[in-house]
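Quick note on our numbering: the sequence shown kicks off at 50 and runs consecutively.
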Amino acid sequence: IPNLEEIGLTTNGVLTAPHLPELKALGVTSINLSLDTLDRQRFFQITRRDEFDRVRATLDSLLEQDFDVKINAVVMEGQNTDDLHPLAELTREHPLAMRFIEEMPFNGEGSHYPVLHWNHRRILEQLRGFYPDLQKRPDPDFSTAATYQVPGYRGNLGIIAAFSRTFCGTCNRIRLTAQGELKTCLYQSGGLQIRDRMREGLSDEALADLFLAAFQTRPRDGFEAERLRPDAVHESMTTIGG
Numbered sequence: 050i051p052n053l054e055e056i057g058l059t060t061n062g063v064l065t066a067p068h069l070p071e072l073k074a075l076g077v078t079s080i081n082l083s084l085d086t087l088d089r090q091r092f093f094q095i096t097r098r099d100e101f102d103r104v105r106a107t108l109d110s111l112l113e114q115d116f117d118v119k120i121n122a123v124v125m126e127g128q129n130t131d132d133l134h135p136l137a138e139l140t141r142e143h144p145l146a147m148r149f150i151e152e153m154p155f156n157g158e159g160s161h162y163p164v165l166h167w168n169h170r171r172i173l174e175q176l177r178g179f180y181p182d183l184q185k186r187p188d189p190d191f192s193t194a195a196t197y198q199v200p201g202y203r204g205n206l207g208i209i210a211a212f213s214r215t216f217c218g219t220c221n222r223i224r225l226t227a228q229g230e231l232k233t234c235l236y237q238s239g240g241l242q243i244r245d246r247m248r249e250g251l252s253d254e255a256l257a258d259l260f261l262a263a264f265q266t267r268p269r270d271g272f273e274a275e276r277l278r279p280d281a282v283h284e285s286m287t288t289i290g291g
């Protein structure tokens, strides 16, 4: 696609490895891999799939083929908090970004957490316990992650305050769901239905105007977006995308 500075892809890694050469040829430079644990049994408990070996093989292939790799791990109380150190240690030898994400209420059941015990502060406290010399690094423009690095390690660590929503002021993300719906915030209810407008034959100029209108009415932050919802959050990230 002309004029795009970067093309990225998010994947669970199960079916990805055979397609990596083709993806690279198409101009995909960055891959986000969802991986919450390096323990095979725990992986099965979290994902309900016995696919750890395939996902780990995808990670190895990504690194061998010099993709820009980010690993996303959702920190879930009672499930994978013991994995913070093993996952962080991946950055010792590999030039990847290991990102720890606060758990969000996007589990498909509309669950809301009155208190999130493993918030971004506790995750950072845990990492500093492992690495007392952990250093804060400059965050890229519009980054949703606070970036850190262990001196001498090849990769870096990131913490994404997805539930605390501390990064909303610099977020420039939009999302297009598999149903063709444009979301300007993960916590927003509904969104602009792009697929149907395209099927109606709307011109590129008219679509651009719809996009601009959606951006201009974007909620101030994720808390406002959630407040404006007519219902509780109930979507799953598998349907939202990402």
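C-beta atoms are modelled at their ideal positions from N, C-alpha and C, and glycine is treated no differently.
- Every unbroken stretch of the alpha helix (DSSP H) spanning 4 or more residues and falling wholly within the region 146-224 is given here in chain order: 169-179.
- At the C-beta level, residue 136 and residue 104 stay beyond 8 Å of one another.
- Sorting 169, 57, 147 and 117 by C-alpha distance to the C-alpha of residue 213 places 169 at the top.
- The beta carbon of residue 251 is closer than 8 Å to those of 259 in its chain, skipping five residues each way along the sequence.
- In the DSSP assignment, residue 230 falls within the unbroken beta strand (DSSP E) covering 230-232.
- In the DSSP annotation of this structure, the continuous segment of the alpha helix (DSSP H) that includes residue 74 starts and ends at 69-74.
- DSSP, reduced to helix, strand and coil, places residue 57 within a strand of the structure shown.
- Cβ neighbours of residue 99 within its own chain (closer than 6 Å, five residues either side excluded): 93.
- The bridge partners DSSP lists for residue 123 are 150.
- Nearest in C-alpha terms to residue 229, of all of 239, 220 and 193, is 239.
- Contact between the region 61-74 and the region 104-116 is established, with three or more Cβ pairs separated by less than 8 Å.
- In the DSSP assignment, residue 104 is bridged to no other residue.
- For residue 80, DSSP records a beta bridge to 58 and 118.
- The C-alpha of residue 204 lies about 30 Å from the C-alpha of residue 51.
- With a contact defined as Cβ atoms closer than 8 Å, residue 107 and residue 82 qualify at about 7 Å.
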